[in-house]
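Please read the structure below before turning to the comments.
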Amino acid sequence: MGRRRVLLDVDTGVDDALALMLAIRSPELEVLGITTVSGNVPVARSTANTLLALEMLGASTIPVVAGAAAPLARALFTAAEVHGSDGLGDVTHRYPAPLRQATRGAAEFLLQMIHRHPGGLTLIATGPLTNVATAIQRDAGAMRRLQGLTVMGGAIRVSGNVGPTTEFNFAVDPEAAAIVLGAGLPLTLVPLDVTEQVILSRKMVDEAGSAGTLQGFIREMTAVTMAFHRDHEGFDGMFLHDPLAVGVVVDPSLVRGQPMAVAIERRGELTAGMAVADLRRRSQAAPTATVCVEVEAARFLRLFQERVLQ
Ligand code: BDR
Ligand code: CA
């Protein structure tokens, strides 16, 4: 079987940067382009972070296209306390500014790429779904010609991470998440239920030592996020939310998926952005996504370690 052609839509972010590294270092994948969105940081910053991560990977020829600055219907809130004020652990000032600039028009780029590779493209989205929803609003038929859409987002049977029931990516842009969940796309959801099972420990990063420039960059850029997890989650490391979404595309056997009818709450005062799964035994609702409910965490961590940390 040939390599799977993928696009990534990211709000780079420490774990998005690690996801890009895993994608580009996975021989099963061919990364044809990357679109950026506001989320962890505003889009100008997530774009600059994406360009920097690609330079660190020696992958500067992959097209990067900047997308939405704000969610579809609300003001942006970011996650600087988790990722650092620059989104990459406050270390970007130590690295040269990226040599190239991104182009603009993420939704158009996604649609153009699907027209070029109908039925043969998988989109991995690891930020708020603003760009993906915009592409659906422009041409839902084209988006249905994706081979697959894998989304990191939601909390099904576990607590949220920004609110009691809400996960960050869906909470930032609930309207976009609702459009994506309702579009009838071949959607795989990678929620907190599984991403919080995969933890990159500080020890693993320290052991990678100075294997190369990339490993030094990883050690520096993960320090703020790991300190946040130490203070708020009680372990010295970080969840590999976005890298797991890439892992699921690299090797679907890492997870067990369950078809579910999932909808997105938009009006709740406490619950806007909540992923509501109809888990009733007598539910007649048609599934809207395959939800990852179990993960072989140790096997995924080995894959990540071999490909990114060595
Ligand atoms: C998601 O939120 C972001 O902060 C991370 O990059 C990840 O995509 C986890 O809830
Ligand atoms: Ca992200």
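Heads up, this note's numbering is the position in the sequence shown plus 727, with the first residue counted as 1. Where a beta carbon is used, it is the ideal one built from N, C-alpha and C, also for glycine.
Distance CB(Asn888)-CB(Val764) smaller than 7 Å: On the sequence shown, position 161 is the one that residue 888 refers to. On the sequence shown, position 37 is the one that residue 764 refers to. Not a contact, by the Cβ cut-off of 7 Å.
Sequence-ordered residues whose beta carbon comes within less than 7 Å of a heavy atom of ligand 2: Val737, Asp738, Gly740, Asp742, Asp743, Gly766, Asn767, Thr853, Gly854, Met879, Asn896, His968, Asp969
Residue(s) in a DSSP beta bridge with Glu757: Residue mapping note: residue 757 aligns to position 30 of the sequence shown, counting from 1. Glu757 pairs with Arg732.
Those runs of the alpha helix (DSSP H) which lie wholly inside the segment 866–946 and span at least 4 residues: 867–870, 895–899, 901–908, 919–922, 929–935
Ala894 beta carbon near ligand 1 (any heavy atom closer than 6 Å): Here residue 894 refers to the residue found at position 167 of the sequence shown. First, the amino acid is wrong: residue 894 is Glu here, not Ala. Checking every heavy atom of ligand 1 against the Cβ of Glu894, one is found closer than 6 Å.
Gln1032 to Arg1009 span [Cα, whole Å]: Locating residue 1032 in the sequence shown gives position 305, where the first residue counts as 1. Locating residue 1009 in the sequence shown gives position 282, where the first residue counts as 1. Roughly 42 Å separates the two Cα atoms.
8 Å contact criterion, which Glu1021 and Val975 should meet: CB distance rounded: Residue mapping note: residue 1021 aligns to position 294 of the sequence shown, counting from 1. Residue mapping note: residue 975 aligns to position 248 of the sequence shown, counting from 1. No, Glu1021 and Val975 are not in contact; Cβ-Cβ is about 12 Å, not under 8 Å.
Closest residue to Ala904 among Gly760, Ser753, Val1003, Leu756 (Cα-Cα distance): Counted from its first residue, the sequence shown places residue 904 at position 177. Cα-wise, what sits closest to Ala904 is Val1003.
Pair within 7 Å by beta-carbon distance, Thr915 and Thr877: Here residue 915 refers to the residue found at position 188 when the sequence shown is read from its first residue. Here residue 877 refers to the residue found at position 150 when the sequence shown is read from its first residue. In contact: Thr915 and Thr877 (Cβ atoms closer than 7 Å).
Straight-line Cα distance separating Ile751 from Met674: Because the chain spans 728 through 1037 in this model, residue 674 falls outside it and cannot be assessed.
Through-space distance from Gly943 to Ser937, alpha-carbon basis: Numbered from 1 along the sequence shown, position 210 holds the residue referred to as residue 937. Numbered from 1 along the sequence shown, position 216 holds the residue referred to as residue 943. Using only the alpha carbons, I get a separation of about 6 Å.
Check whether Ile841 and Leu735 have beta carbons under 7 Å apart: Taking the sequence shown and counting its residues from 1, one reaches residue 841 at position 114. Taking the sequence shown and counting its residues from 1, one reaches residue 735 at position 8. Not closer than 7 Å, so no.
Beta bridge counterpart(s) of Gln985 as assigned by DSSP: One-based indexing of the sequence shown puts residue 985 at position 258. Val1018, per the DSSP bridge assignment.
The beta strand (DSSP E) enclosing Gly964, as first and last residue numbers: As a working mapping, residue 964 is identified with position 237 in the sequence shown. Start and end: 964–966.
Neighbour-count burial assignment, Glu923, 16 or more Cβ in a 10 Å radius: If you number the sequence shown from 1, residue 923 lands on position 196. The residue is buried, with at least 16 neighbouring Cβ atoms inside 10 Å.
Distance CB(Pro855)-CB(Gly766) smaller than 7 Å: Residue mapping note: residue 855 aligns to position 128 of the sequence shown, counting from 1. Residue mapping note: residue 766 aligns to position 39 of the sequence shown, counting from 1. Cβ distance < 7 Å, so Pro855 and Gly766 count as in contact.
Assigned exposure category for Thr1017 - 16 Cβ within 10 Å defines buried: Here residue 1017 refers to the residue found at position 290 of the sequence shown. Per the 10 Å Cβ criterion, buried.
Asn888 Cβ short of 6 Å to ligand 1 heavy atom set: Your numbering for residue 888 matches position 161 in the sequence shown. Answer for Asn888: yes, Cβ within range of ligand 1.
Member of Leu873, Ala867, Val1035 whose CA lies at the smallest distance from the CA of Pro845: Counting from one through the sequence shown, the residue named residue 845 turns up at place 118. When each option's Cα is compared against that of Pro845, the closest is Leu873.
Per-residue DSSP class, three states only, for Val975: As a working note, residue 975 is residue 248 in the sequence shown. Residue state, collapsed to three classes: helix.
Val1003 - containing alpha helix (DSSP H), residue span: Translated into positions along the sequence shown, residue 1003 becomes position 276. From DSSP, Val1003 is part of no alpha helix (DSSP H) but of the beta strand (DSSP E) over 1002–1004.
Straight-line gap, Ala775 to Arg1007 (C-alpha atoms, nearest Å): Locating residue 775 in the sequence shown gives position 48, where the first residue counts as 1. Locating residue 1007 in the sequence shown gives position 280, where the first residue counts as 1. Near 44 Å, if we compare the C-alpha coordinates of Arg1007 and Ala775.
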